[in-house]
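Engineer:
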Amino acid sequence: MIQPTMERILLSGNEAIALAAKNAGVALGTGYPGTPSTEILENFSELGGKAQWSPNEKVALEVALGAAFAGARALVTMKHVGLNVAADPLFTAAYTGVSGALVVVSADDPGMASSQNEQDNRHYAEAAGVPMLEPSDSQEAYDFTAAAFEISTRWRLPVLLRVTTRICHSKSIVQPRAIPKPEAEPSFVRDIEGRVMIPAYARPAHRKLRAKLAEIAAWNETSDLHQVIAGEKSLGIITSGVSYQHVREAAPQASVLKLGMTYPLPLNRIQAFVESIERSVVIEEGDPYLDHAIRAAGVTVEGKPEMYRFGELNVNRVRRILARDESPEPVPPRGKPPQLCPGCAHRSVFQVLHDLDCIVSGDIGCYTLGVLPPFQAMDTCVCMGASIGAGLGLRHVLPRDQARRVVSVIGDSTFIHSGITGLAEMVYNPPATGHVVIILDNSTTAMTGLQEHPGTGRSLDHSPAHKIEFEDLARSLGIPHVHTLDPVKETDALKDLLQNLLAHEELALVIARRPCILASRKIREYEAAAQQSNAECHYATRET
Amino acid sequence: MPESEPLNHVINVVVAGLGGQGVIKASDILADAVFRAGFDVKKAEVHGMSQRGGSVNSDVRFGPRVFSPMIPDGEADFLVVLAEDQVETNRNRLRANGVLIDPSAIGAAALSNPRTLNVALLGLLSTRLPVEETHWIEALRANLPEKILEINMKAFQAGRTVTR
């Protein structure tokens, strides 16, 4: 467990971000779990920060924005695809700006170690118009988090801290430094024109945003967030993030311009670097974001061949890019793929779905592994919550004999995140053949490492909180058939029930509830701790 | 390797195995021990999907200055594998004449608890690295809970005293 410290220490990027946020006086950290971002808020909480999981990233960003409106420093964390969910508030928060500070962490997953796509969220900084910093190791994860709060405070804008799997989950040495904390306590100052984005106020707000970005771009030309490594004049490399580390190892003799703030770009500085070098190559993971921006500014640089857009970069791939090597890459031996744990309750459900030959509209979580043999019981998986919408769409247009086999499966945390609106759609626009939704309720957010959510009845730090009951929610929406059972103890009953529901062609929600085998012991401990604290509280009340 | 000679290059160690075997824990202890010995160190691994019983590996690199956190294929000096069936899938990580340390190096019978295999193999690795034993002991204490510390200390010593 991470401790508050100012000593030199070995930290992951996620731990370093959390420590910097604590030292920067962040009043509230929000987010939704998502690999590789999850540990930031957990560590921030362990360090004594106020941290909470929101139902999804959109809500998390809105809560953090409210805190920043009130003059506080706020941190919001998510994985790359989470920023798609939170994009709506992000784009307009750039117009409203903030009174305190707001840092949005986007943890991208190039190579898709644990994600459904490898989108490059650097595009969001430009699209929304928010400054972006890209650390290249844990020390910079600490320093750039501090810088992000300083920049957000100074220009009253949200700042994007864009990290990747290798920054989040790699450990390297950090020397923490003192970070200036906000001087004023949160307090409400009315600013109707600045925060109420009706068109009449949003139009000038957009112009104000562009003016701020121009100021930041000018400041960025001379900021100390960038670094020049003086090397040979024959080869210069422009890079950012973890790619910088690969570059230093692959081309130790090269001159390097390492960019710290990659939106808005210090284009004059880049041009001056390129003019001093014979051959300038842009080395970046993912999309040709820097390459396009630099070339659009009329500066001649060499990008990477298209084959290196896919997957992570590493030292060998950087060597190949520099050698303009486009020959096929060696295919690494395949390791053992992940699988549903032995004894996992999802196994029983997927066996039943397989046996009933269902068309399964799936979702994001451990249970996505139901797609693998021996079950192969998943036919779609796109994004959080899509199981319900896509399942309904399939039902609407498929011929009846196929439509009545469609089932949506969604985990409990994913249901809270994005499934509730799917149920509203289901009761509002019911398919002619009805529909069956199964919540695979294992009472935790298992895939990301057993985080709490509003359906578990516990907060981020596992202390008791209000619990949303899925059955009550479904009935209040008007779903006629709501059933709960244990998929392990009642596997045959589950099969009979599903057969019945599919034949009836009505709307139904089935909650297959059994705690995750990895979480059940911990859940019992949390419940025992809550009971004991309740009893002590009761005792104390009686004494007074 | 004696600690008195200054280390002028980076030493690369890949730890590999299956989810649940303690691969990440072993690499945490290793990285902490070399950090305590005063080296620059980086450690990289992928969390998430790989924890569901699949292949897991973790790269630890240390020396005077480390850049990339990931060991390029074919450049590992040591490959520590916790599951025999993961040796072949990771062999490409090892450099020519690199050292493979796998479970066969330590008879299972030598361990009072098979779950301490990760630490036992670290014990064996420790005899090949320029890091004094005290740093290892400190790293073990810092990274393991009290109730399993003693059994792991025994496993570490069992690994250290294996004769190859």
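Just so you know, the protein sequences line up as chains P and F, in that order.
In terms of numbering that gives the first Met the number 0, the first sequence opens at residue 0 and continues consecutively.
In terms of numbering that gives the first Met the number 0, the second sequence opens at residue 0 and continues consecutively.
For every residue, glycine included, the Cβ atom is placed at its ideal position computed from N, Cα and C.
List, in order along the chain, the chain P residues whose C-beta lies closer than 7 angstroms to that of LEU17/F?
Structural biologist: LYS335
Engineer: Could you tell me whether any Cβ in chain P is nearer than 7 angstroms to the Cβ of LYS146/F?
Structural biologist: False, the Cβ-Cβ gap to chain P never drops below 7 angstroms.
Engineer: Mapping the DSSP letters down to three states, classify SER519/P as helix, strand or coil.
Structural biologist: helix
Engineer: Using the three-state DSSP reduction, which class does ALA109/F fall into: helix, strand or coil?
Structural biologist: Three-state DSSP puts ALA109/F in a helix.
Engineer: Cβ closer than 8 angstroms: which chain P residues qualify as neighbours of GLY53/F?
Structural biologist: GLY334, LYS335, PRO336, PRO337, GLN338
Engineer: Are there 16 or more other CB atoms within 10 angstroms of the CB of LEU148/F, so buried, or fewer, so exposed?
Structural biologist: exposed
Engineer: When you compare each of ALA23/P, LEU212/P, ALA85/P to ALA73/P by their alpha carbons, which one comes out closest?
Structural biologist: ALA23/P
Engineer: If I follow the unbroken beta strand (DSSP E) through VAL162/P, where does it start and stop?
Structural biologist: 157-163
Engineer: Run the CB neighbour count on ALA527/P, radius 10 Å, all protein chains shown included, and call it buried at 16 or more, exposed below.
Structural biologist: exposed
Engineer: Would LEU289/P and PHE272/P be called neighbours here (beta carbons separated by less than 7 angstroms)?
Structural biologist: no
Engineer: DSSP on HIS8/F, reduced to helix/strand/coil?
Structural biologist: DSSP places HIS8/F outside both helix and strand once states are collapsed to three, so it counts as coil.
Engineer: Taking the alpha-carbon positions, what's the LEU459/P to ALA295/P distance?
Structural biologist: Their backbone Cα atoms lie some 45 angstroms apart in a straight line.
Engineer: So, does the CB of THR160/F fall closer than 7 angstroms to a CB anywhere in chain P?
Structural biologist: no
Engineer: Using a C-beta to C-beta distance shorter than 9 angstroms, which residues of chain P count as neighbours of VAL40/F?
Structural biologist: LEU9, LYS170, SER171, ILE172
Engineer: Using a C-beta to C-beta distance shorter than 7 angstroms, which residues of chain F count as neighbours of HIS245/P?
Structural biologist: Here the neighbours are SER67.
Engineer: So which residues of chain P does THR88/F contact, with C-beta pairs closer than 8 angstroms?
Structural biologist: PRO332, ARG333, GLY334, LYS335
Engineer: According to DSSP, simplified to helix, strand and coil, what is ALA50/P?
Structural biologist: strand
Engineer: In whole angstroms, what is the alpha-carbon distance linking VAL551/P and ILE215/P?
Structural biologist: Past the edges of chain P, shown from 0 to 543, lies residue 551/P, and the structure says nothing about it.
Engineer: Spatial neighbours of ARG251/F within its chain, please: CB distance less than 7 angstroms, with the 5 preceding and 5 following residues excluded, ordered by chain position.
Structural biologist: This structure gives no information on residue 251/F, because the portion of chain F shown stretches from 0 to 163.
Engineer: With a threshold of 7 angstroms between beta carbons, is GLU56/P in contact with chain F?
Structural biologist: no
Engineer: Relative to the C-alpha of VAL406/P, which residue among ALA385/P, GLY285/P, GLU45/P, THR420/P is closest?
Structural biologist: ALA385/P
Engineer: At the level of alpha carbons, what is the spacing between PHE77/F and PRO336/P?
Structural biologist: 24 angstroms
Engineer: Taking the DSSP output, what are the residues bridged to PHE77/F?
Structural biologist: VAL12/F, VAL98/F
Engineer: Please list the partners that THR76/P has in chain F, where partner means a Cβ-to-Cβ separation under 7 angstroms.
Structural biologist: Result: empty, since nearest Cβ-Cβ is about 15 angstroms, beyond 7 angstroms.
Engineer: Run through chain F and tell me which residues come within less than 7 angstroms of GLU248/P, C-beta to C-beta.
Structural biologist: Chain-order list of chain F residues neighbouring GLU248/P: PHE66, SER67, by C-beta distance under 7 angstroms.
Engineer: Pick helix, strand or coil for GLU524/P, following the three-state DSSP scheme.
Structural biologist: helix
Engineer: Which word fits MET0/F, buried or exposed, when buried means at least 16 other C-beta atoms lie within 10 angstroms of its C-beta?
Structural biologist: Reliability of the predicted coordinates at MET0/F is poor, the pLDDT of 45 falling under 50, and the value obtained from them is presented with this limitation in mind. By the 10 Å Cβ count, MET0/F comes out exposed.
Engineer: Counting only Cβ pairs nearer than 7 angstroms, list the residues of chain F close to THR164/P.
Structural biologist: VAL45
Engineer: Residues of chain P with CB closer than 7 angstroms to the CB of VAL31/F, please, in chain order.
Structural biologist: Contrary to the premise, residue 31/F reads as Asp rather than Val in this sequence. Under the 7 angstroms cutoff, chain P gives LEU9.
Engineer: Quick check on SER44/P: buried or exposed, where buried means 16 or more other Cβ atoms within 10 Å of its Cβ?
Structural biologist: buried
Engineer: Please tell me whether ARG161/P and SER105/P are closer than 7 angstroms, where the distance is taken between their beta carbons.
Structural biologist: SER105/P is positioned such that its CB atom lies closer than 7 angstroms to that of ARG161/P.
Engineer: Considering just the uninterrupted stretch of the beta strand (DSSP E) at VAL103/P, what are its terminal residues?
Structural biologist: 100-107
Engineer: How about the region 303-323 of chain P and the region 58-69 of chain F: do they share at least three Cβ pairs that are nearer than 8 angstroms?
Structural biologist: yes
Engineer: If we ignore side chains and look at the alpha-carbon of each, how far apart do TYR31/P and SER412/P end up?
Structural biologist: 10 angstroms
Engineer: Which class does HIS225/P belong to by DSSP, given the choice of helix, strand or coil?
Structural biologist: coil
Engineer: Consider the C-beta atom of ALA177/P and the heavy atoms of the ligand SAM; say whether any pair is separated by less than 6 angstroms.
Structural biologist: The ligand content of the structure shown is nil, which means the ligand SAM is not present either.
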